[in-house]
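**Q** Can you read through this structure? Questions will come right after.
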Amino acid sequence: MGELWEGMRQAVWLVVTLDPDLVEISLRSLRVTLSALLIASMIALPLAAVLTVQRFRFRRLTVATLNALMGLPPVVVGLIVYIILSRGGPLGVLGLLFTPWAMVIAQVVIIVPLIASVAHQSLRELWSEYHDLLISLSTTKRQRIAALLWDGRRALLTAALAGFGRAIGEVGAIMIVGGNIEHVTRVLTTAIVLETGKGDFALALALGFILIAMAIVINFAIHNLSRTETEGRW
Numbered sequence: 001m002g003e004l005w006e007g008m009r010q011a012v013w014l015v016v017t018l019d020p021d022l023v024e025i026s027l028r029s030l031r032v033t034l035s036a037l038l039i040a041s042m043i044a045l046p047l048a049a050v051l052t053v054q055r056f057r058f059r060r061l062t063v064a065t066l067n068a069l070m071g072l073p074p075v076v077v078g079l080i081v082y083i084i085l086s087r088g089g090p091l092g093v094l095g096l097l098f099t100p101w102a103m104v105i106a107q108v109v110i111i112v113p114l115i116a117s118v119a120h121q122s123l124r125e126l127w128s129e130y131h132d133l134l135i136s137l138s139t140t141k142r143q144r145i146a147a148l149l150w151d152g153r154r155a156l157l158t159a160a161l162a163g164f165g166r167a168i169g170e171v172g173a174i175m176i177v178g179g180n181i182e183h184v185t186r187v188l189t190t191a192i193v194l195e196t197g198k199g200d201f202a203l204a205l206a207l208g209f210i211l212i213a214m215a216i217v218i219n220f221a222i223h224n225l226s227r228t229e230t231e232g233r234w
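Numbering of the sequence shown is given in the UniProt record's numbering, commencing with residue 1 and proceeding in unit increments.
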């Protein structure tokens, strides 16, 4: 028990004094995750809007596939991305394996289905309210999509934040494609695994505190946005 309290005391000290390693790892985690979130949102949000407005043959199948991919095991994603980016893979010539960009790619694959599915559910409700109005105004499909994306921006931001929360806590896929290389691809989750294995509980706990703080901030933001959206509708 004494070791636990001592580890927590040292962890708090590392956070308060802004330990250089702690700051470096935290900033790298944010950089990788925010890059993945930006790319994933540019793919997922328009896709969700198209699936809401557009009617085509395999639409239901596409939506069902997106919902199913929300539960895709991250380790499997990491393995697939590893094979694609490896020296003998289709994109091996790019030399992206064991770089931050490999981690970004893995996170994008993981969170695109989540963001698209959550956004689609929100846009469907909005579309049911706007459908008759937009049809009566003879708007084009592009205008309808733009209107949904703009008026549903709070709900879409909530979907994006959910994707961020999923990505920032990812470890399996990141470990596989990033390699947990010091000063290169080591992020919060992989560093926690490494430091715990080494017995450096102070740094592991400090990293854990940062990760928990990020999770709390994200969940608070989602809750606040959801409440604001509900009040706005009423």
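Note that CB positions come from ideal geometry on N, CA and C, so glycine has one too. Predicted model only: the values in this text are computed from it and were never measured.
For a test of the three-state rule: what should DSSP assign to E182, helix, strand or coil?
**A** Note: E182 maps to coil in three-state DSSP.
**Q** Does the stretch 62-78 come within contact of the stretch 152-159, defined as at least 3 CB pairs closer than 8 Å?
**A** Taking 8 Å as the limit for Cβ pairs, the verdict is that the stretch 152-159 does not touch the stretch 62-78.
**Q** Got a sec, what are the start and stop residues for the alpha helix (DSSP H) residue 238 sits in?
**A** What the structure shows of the chain is the stretch from 1 to 234, and residue 238 is not part of that stretch, so it cannot be assessed.
**Q** Report the three-state DSSP secondary structure of S138 (helix, strand or coil).
**A** S138 falls in the coil class under three-state DSSP.
**Q** Hey, could you find the ends of the alpha helix (DSSP H) T62 is sitting in?
**A** Start and end: 59-69.
**Q** What do you reckon, are the CB atoms on residue 235 and A202 nearer than 8 Å?
**A** Nothing about residue 235 can be reported from this structure: the residues present for the chain run from 1 to 234 only.
**Q** Round the Cβ separation of G78 and I176 to the nearest angstrom and send it over; I've been treating them as touching at under 8 Å.
**A** Indeed, because the Cβ distance is near 3 Å, the residues count as touching under 8 Å.
**Q** With distances taken from CA atoms, which of T185, I135, A159, D200 is nearest H223?
**A** Ranking T185, I135, A159, D200 by Cα distance to H223 puts A159 first.
**Q** Out of L94, L51, R31, point me to the one whose CA is closest to L148's CA.
**A** For L148, the nearest C-alpha among the options comes from L51.
**Q** One question on the structure: do I216 and L188 come within less than 8 Å of each other, judged by their Cβ atoms?
**A** Cβ distance not < 8 Å, so I216 and L188 don't count as in contact.
**Q** Is it the case that the Cβ atoms of S29 and I168 are separated by a distance below 8 Å?
**A** For S29 and I168, yes; Cβs fall inside 8 Å.
**Q** Should W150 be labelled buried (16 or more other beta-carbon atoms within 10 Å of its own) or exposed?
**A** W150 should be labelled exposed.
**Q** Within the same chain, show all residues whose beta-carbon is closer than 7 Å to that of T10, passing over the 5 residues directly before and after it, in chain order.
**A** The displayed chain sequence assigns Gln, not Thr, to residue 10. Result list for Q10: A202, in chain order.
**Q** Whole angstroms is fine: what's the gap from R233's alpha carbon to Q107's?
**A** A caution first: R233 carries a pLDDT of 49, below 50, which makes its placement in the model unreliable, though a value can still be read off. The straight-line gap from Cα to Cα measures roughly 33 Å.
**Q** Could you check which residue in R186, N219, A221 has the C-alpha nearest to that of L207?
**A** Taking only the C-alpha atoms, the option nearest L207 is R186.
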